[in-house]
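Heads up: the sequence shown is residues 1 to 249, going by the UniProt record's numbering. We treat Cβ as the ideally placed atom computed from N, Cα and C, and that holds for glycine. Please read the structure below before turning to the comments.
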Amino acid sequence: PKFQGLSKNAIKKILRDEIWEETKSERTKGKREKFKRKRAERRQLERDGAVEPLPKRPKAKHMTVGKVGVVLDCSFSSYMNDKEISSMRQQIIRCYSANVRAEKESMQMALTSLDEPLKKQLDAKAPSWENWKNFQVTSEPYLDKFNKEDLIYLSADSENVAHELEEGKTYIIGGIVDKNRHKASWHNLCNDKAASQGIKTAQLPIGEYIRLASRKVLTVNQVVEIMVKWLDYRDWEKAFMEVIPERKL
Numbered sequence: 001p002k003f004q005g006l007s008k009n010a011i012k013k014i015l016r017d018e019i020w021e022e023t024k025s026e027r028t029k030g031k032r033e034k035f036k037r038k039r040a041e042r043r044q045l046e047r048d049g050a051v052e053p054l055p056k057r058p059k060a061k062h063m064t065v066g067k068v069g070v071v072l073d074c075s076f077s078s079y080m081n082d083k084e085i086s087s088m089r090q091q092i093i094r095c096y097s098a099n100v101r102a103e104k105e106s107m108q109m110a111l112t113s114l115d116e117p118l119k120k121q122l123d124a125k126a127p128s129w130e131n132w133k134n135f136q137v138t139s140e141p142y143l144d145k146f147n148k149e150d151l152i153y154l155s156a157d158s159e160n161v162a163h164e165l166e167e168g169k170t171y172i173i174g175g176i177v178d179k180n181r182h183k184a185s186w187h188n189l190c191n192d193k194a195a196s197q198g199i200k201t202a203q204l205p206i207g208e209y210i211r212l213a214s215r216k217v218l219t220v221n222q223v224v225e226i227m228v229k230w231l232d233y234r235d236w237e238k239a240f241m242e243v244i245p246e247r248k249l
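Here is the structure:
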């Protein structure tokens, strides 16, 4: 029997999931029709002068790629559960979005050590991700793709401070999410990894410009957004203030 050995709650969940999948196409069709109807109503109101026309979306700017690189090191899936890997996928999407929206120049972006769990997340939630521009993806580690001398691993535990982003250098960001399960065990993870590989490390100069309410650990996308803003303004304080949420200050 299909449900033999399962509890009532487990059976109910399976049935709910099956019904949800069976009605998925109908829901999608309904949403599409509702959107078309709303759009037609809006256009009619605009023609009648009842509402102001919506502003047109600005055309995407031509992407100017600079000489600063950034690598998202995704070799830490074994430290994360499914929910955290899902969060990592969201952060990767935000990283790419922030980079392509750079006002002056975007960074050369790469994702290394991509494994199957994270790839499945990207395939499911961002189907076009493999066509992203200026975004190199590999399942291989960064040392197989970049010259060690050009790499700098960003870590809040580093004793060195990056006062500027150097042209010709590629900055590595550890792609790890930990929802407070075992934070203490990986505080030095990225710093120690870089040290074992003979790679230089640095931390962003957060403490020189603002005071955080908690430890100086930011999400992956926040680090990328700060780097993009610094390249826009050449001003760390302005970059930090635009990106870091007020609740962290």
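Buried versus exposed call for residue i [16 or more other C-beta atoms within 10 Å across all chains shown]
i    : result
R37  : exposed
V51  : exposed
G174 : buried
Q44  : exposed
W20  : exposed
R89  : buried
I226 : buried
L218 : buried
F240 : buried
L6   : exposed
L154 : buried
P58  : With a pLDDT of only 49 at P58, under the threshold of 50, the placement of this residue in the model should not be trusted; the figure read from the coordinates follows. Exposed.
K13  : exposed
CB of residue i within 7 Å of CB of residue j, strictly
i    : j    : result
V161 : P205 : yes
C74  : S113 : yes
Y171 : V70  : yes
T201 : N191 : yes
D115 : S77  : yes
P117 : I85  : yes
A102 : V228 : yes
L72  : L111 : yes
K120 : D232 : no
Supposed contact pair residue j and residue i - C-beta distance, whole angstroms, cut 8 Å
i    : j    : result
I176 : Y79  : 6 Å
P9   : R94  : At residue 9 the sequence reads Asn, which differs from the Pro that was named. Actually they are not in contact, since the Cβ atoms of N9 and R94 sit about 35 Å apart, beyond 8 Å.
V137 : Q108 : About 13 Å; that fails the 8 Å criterion.
Closest by C-alpha distance to residue i, when choosing among the options
i    : options                   : result
I92  : E159, K31 and K125        : K125
K193 : I226, N221, D157 and V224 : D157
G168 : L151, S155, R32 and L118  : L151
N134 : N99, K12, S7 and R27      : N99
Q197 : E149, K13 and D48         : E149
K83  : D178, L218 and K238       : D178
F146 : I11, I199, G207 and E46   : I199
D235 : E159, S25, H163 and Q203  : H163
L165 : K29, W230, R27 and K12    : W230
V68  : K238, V224 and E237       : V224
7 Å Cβ cutoff, residue i in contact with chain C
i    : result
E105 : Considering every chain present, this structure includes no chain C. It has just one protein chain.
Residue ranges of each beta strand (DSSP E) within the region 162-248, 3 or longer
170-174 and 200-202
Completely contained beta strand (DSSP E) runs for the region 79-146, where each covers 3 or more residues:
106-112 and 135-137
Which runs of the beta strand (DSSP E) spanning at least 3 residues fall entirely within the UniProt region "Disordered" (22-60), listed in chain order?
none
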